[in-house]
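Since the structure comes first, as structure tokens, the remarks are kept for the end.
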Amino acid sequence: MAAAWGRSVTALRAASVAAWALVCVQCIVLRGSFGRGPTSVDALVCVAAGLSALTAAAGGLRWRGQQRWGFLLLAAGIGGYAVGYVLLFYDRSNHRDGIFGVNASDCASLLLYPLAYLGLCLLVWGRQGRPDRAAVVEGAVIACGAGAVTLTVASRLYPSLMVGPPLTVVYDLAYPVGGFTLLLGAVTAQTISGWRADRVWPWLTAGFAAMTAGDTAYGFAAADHTFRFGTWSEALYLAGPLGVALAASRRPGEMSTEPVDARPAMVIAGVATLTAIGTLVTASITSVPRAAVVLAATCGVLAVARTSLFLQQERQLAHHQALALTDELTKLPNRRSLLEGLATATASTEPWSLILLDLDNFKEVNDTLGHAAGDQLLNTVAQRLAARANPAEVYRLGGDEFAVLYEGGVDAAVALAQDLRELGGGLISLGDAQLTVNASFGVGLVPAPDGSPHPVGEALRRADVALYRAKASRTRVAAWHTDLDSDMRERIQLATELRAAIAAGGGQLVVHLQPQADAAEGHITGYEALVRWDH
100 MAAAWGRSVT ALRAASVAAW ALVCVQCIVL RGSFGRGPTS VDALVCVAAG LSALTAAAGG
160 LRWRGQQRWG FLLLAAGIGG YAVGYVLLFY DRSNHRDGIF GVNASDCASL LLYPLAYLGL
220 CLLVWGRQGR PDRAAVVEGA VIACGAGAVT LTVASRLYPS LMVGPPLTVV YDLAYPVGGF
280 TLLLGAVTAQ TISGWRADRV WPWLTAGFAA MTAGDTAYGF AAADHTFRFG TWSEALYLAG
340 PLGVALAASR RPGEMSTEPV DARPAMVIAG VATLTAIGTL VTASITSVPR AAVVLAATCG
400 VLAVARTSLF LQQERQLAHH QALALTDELT KLPNRRSLLE GLATATASTE PWSLILLDLD
460 NFKEVNDTLG HAAGDQLLNT VAQRLAARAN PAEVYRLGGD EFAVLYEGGV DAAVALAQDL
520 RELGGGLISL GDAQLTVNAS FGVGLVPAPD GSPHPVGEAL RRADVALYRA KASRTRVAAW
580 HTDLDSDMRE RIQLATELRA AIAAGGGQLV VHLQPQADAA EGHITGYEAL VRWDH
């Protein structure tokens with residue numbers, strides 16, 4: 100069923116393109132004129148507009164959610180456009196007034212603009228997800244700024260269209276202004292969705308751009324009272340509906356999950372604000388349509404609102420960045436913050452040292468007194484470390500593991516570790532219990548800028564190796580040196596070979612039983628098993 104529907108949409112798309120091509124030939128090459136029967140340009144225009152509306156509707160039904168409704172609204176707008184052509188060319192009573200004194204043909208054709216605006220909004224929602232408030236305000240800023248400058252320019256280019264009652268002026272400017280704002284709507288929608296490479300937006304933008312050119316030509320001709328049907332502008336009018344049809348008939352795509360680049364929208368919104376300011380300045384010097392002044396003022400108010408939202412977003416971003424670099428429990432900088440600090444230290448020409456420490460027997464505190472007591476202990480230790488290590492930076496890496504980034508050599512860092520060994524001295528009260536908490540410290544020199552190819556990871560490795568040695572030493576403090584690396588490699592290699600010997604068998608492990616005798620009684624009381632590894 101889906102495959103058959105897809106083939107039908109493809110056929111309708113091909114028919115729409117063919118009908119538009121025939122209009123181009125008739126209007127541009129053959130220079131057809133209005134009102135010469137069913138094979139003349141007026142019939143072709145009606146057929147091309149109707150096929151574009153049908154293709155957009157059929158293609159839109161293949162989409163889901165808001166995207167489907169967006170394309171269906173665009174198709175309904177194009178359908179009104181097609182009905183307007185039919186009424187204009189074939190309804191002899193078309194001269195009678197429609198809504199608000201506008202003839203029925205234009206009432207139908209002008210449906211394209213509000214329906215298309217709403218459809219573009221739904222397309223953005225469907226393809227990108229619900230835009231945030233800042234994106235919506237940016238879109239409104241762009242629309243108001245562009246509307247203000249468009250009305251200002253139109254009043255200069257088409258002064259004859261600005262004369263008469265308000266509804267008449269609106270009707271006269273509806274096509275030239277509406278076409279441009281529709282193009283701007285497509286550009287704004289693409290701006291909100293991040294200017295991604297997409298098979299939908301290029302067709303919509305190109306179609307509305309051609310329609311804008313046709314509407315502009317119409318405005319000039321209407322102002323000069325030289326407009327007639329059957330010219331090249333007719334092909335430009337129909338490029339908008341064709342662009343919608345080609346966009347809707349694309350294969351539906353998934354909603355993008357990539358982050359949106361907000362810079363293009365901010366730039367366009369800034370340009371729109373400047374044009375609105377220019378409109379207000381122009382209005383103070385010469386006559387400008389009142390609607391343009393209202394739109395320009397609205398644009399200014401929205402620009403202020405956008406600035407307020409931008410500052411609010413900046414504060415939220417700073418807050419989230421602080422949370423990302425801070426340990427939630429102790430409020431100390433976390434591992435991510437340590438990595439950033441190490442990156443700075445490894446780029447410095449001054450010596451830096453890294454001290455890693457973890458608490459002795461911390462698991463017993465959690466097991467016997469509970470995790471709440473363990474959290475209280477970690478907070479107390481964090482406060483004491485920060486107070487005694489100042490001005491060095493203290494970090495919590497997770498669990499009971501902390502780090503101190505010290506600007507200085509290994510000897511000075513070892514002295515600091517010795518000072519921190521008792522964690523500030525004294526007892527720590529946890530409810531009814533009082534504990535003396537000790538820790539093991541491993542000190543490693545941060546590599547120089549021209550040292551290890553991965554200096555941050557090397558700094559952590561050195562301190563970790565030293566911490567491992569510190570746990571086995573009586574002083575509980577150890578500094579890294581190159582011999583520790585060889586010892587660690589030997590231990591790892593030895594453990595690996597022992598596991599292999601156990602798994603393989605083959606007599607590498609030999610058990611010797613050594614008897615234990617009772618000298619007084621003179622008999623054997625037991626045996627001691629000794630395992631020898633023939634390695």
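According to this note's numbering, the sequence shown is numbered sequentially starting from 100.
The beta-carbon is built from N, C-alpha and C at its ideal position, and this holds for glycine as well.
Given the structure is predicted, the values throughout are model-derived calculations rather than measurements.
What are the start and end residues of the beta strand (DSSP E) that includes Ala532?
-> Ala532 to Leu534
Do three or more CB pairs link the segment 433 to 448 to the segment 406 to 413 at distances below 8 angstroms?
-> no
Determine the contact status of Ile241 and Ala344, defining contact as a CB-CB distance below 7 angstroms.
-> no
Nearest residue (CA-CA) to Thr406, options Arg389, Gly225, Thr109 and Thr372 = Thr372
Measure how close the beta-carbons of Gly342 and Leu303 come, nearest whole angstrom, since I'm counting them as under 8 angstroms.
-> 6 angstroms
Quick one: grab the DSSP three-state call for Val108.
-> helix
When DSSP labels each residue in this structure, what does Leu460 get in the three-state scheme?
-> In the sequence under discussion, the amino acid at residue 460 is Asn, which differs from the Leu named in the question. Three-state DSSP puts Asn460 in coil, outside helix and strand.
Span of the beta strand (DSSP E), counted from its first residue to its last, around Trp579 = Looking at the DSSP string, Trp579 is not in any beta strand (DSSP E), and its letter there is neither H nor E.
Assigned exposure category for Arg575 - 16 Cβ within 10 Å defines buried = buried
Which partner residues of Ala616 appear in the DSSP bridge assignment?
-> Ile623
So which of Leu121, Ala120, Thr595 and Ser452 has the shortest CA-CA distance to Ala514?
-> Ser452
Paired residues, beta bridge with His611 - DSSP = Leu629
How long is the line joining the alpha carbons of Ala618 and Phe501, rounded to whole angstroms?
-> 55 angstroms
Do the segment 552 to 571 and the segment 460 to 469 meet, that is, are 3 or more Cβ pairs less than 8 angstroms apart?
-> no
How about the segment 217 to 227 and the segment 386 to 401: do they share at least three Cβ pairs that are nearer than 8 angstroms?
-> no
Between Asp426 and the rest of its own chain, which residues show a CB-CB distance below 6 angstroms, the 5 nearest in sequence each way excluded?
-> Asn433 and Arg495
To the nearest angstrom, how far is it from the Cα of Gly498 to the Cα of Gln615?
-> 47 angstroms
Distance between beta carbons of Glu333 and Val140, contact taken as under 8 angstroms = 7 angstroms
Where the alpha helix (DSSP H) containing Gly158 begins and where it ends = Val140 to Gly159
Verify whether the separation of the beta carbon atoms of Ala565 and Val542 is less than 7 angstroms.
-> yes
For Arg483, the nearest candidate out of Asn460, Ala113, Ala511 and Thr429 (CA to CA) = Thr429
Grab me the residues of His622's own chain with a C-beta within less than 6 angstroms of its C-beta, minus the 5 sequence neighbours each way, in chain order.
-> none
Applying the criterion that 16 or more other CB atoms from any shown protein chain within 10 Å of the CB defines a buried residue, is Leu422 buried or exposed?
-> exposed
In terms of DSSP beta bridges, what is Arg495 paired with?
-> Phe501
Just the Cα atoms here: how many angstroms apart are Arg631 and Thr535?
-> 42 angstroms
Just confirm the distance between the C-beta atoms of Ser204 and Leu217, as a whole number of angstroms; I'd bet it's less than 8 angstroms.
-> Between Leu217 and Ser204 the Cβ distance is about 22 angstroms, and since that is not below 8 angstroms, they are no contact.
Taking the alpha-carbon positions, what's the Trp168 to Ala113 distance?
-> 23 angstroms
Take Ala305 and list the residues in its own chain whose beta-carbon comes closer than 6 angstroms to its own, dropping the five residues that flank it on each side.
-> Gly342
Check each candidate in Ala488, Asn460, Glu449 and His470 and name the one with the smallest Cα separation from Gly508.
-> Glu449
When Ala347, Leu379 and Arg298 are compared against Ala157, the one with the closest alpha-carbon | Ala347
Looking at C-alpha atoms only, which residue of Gly473, Trp119 and Phe170 is the closest neighbour of Phe461?
-> Gly473
Return the bridge partner residues of Leu544 from the DSSP annotation.
-> Ser452
Within 10 angstroms of its Cβ, does Gly530 collect 16 or more other Cβ (buried), or is it exposed?
-> exposed
With a 10 Å radius around its C-beta and 16 neighbouring C-beta atoms as the bar for buried, classify Glu620 as buried or exposed.
-> exposed
What are the residues that DSSP puts in a beta bridge with Ser528?
-> Gln533
Could you work out which residue in Ala142, Ala101 and Ala147 is closest to Ala117 when comparing CA atoms only?
-> Ala147
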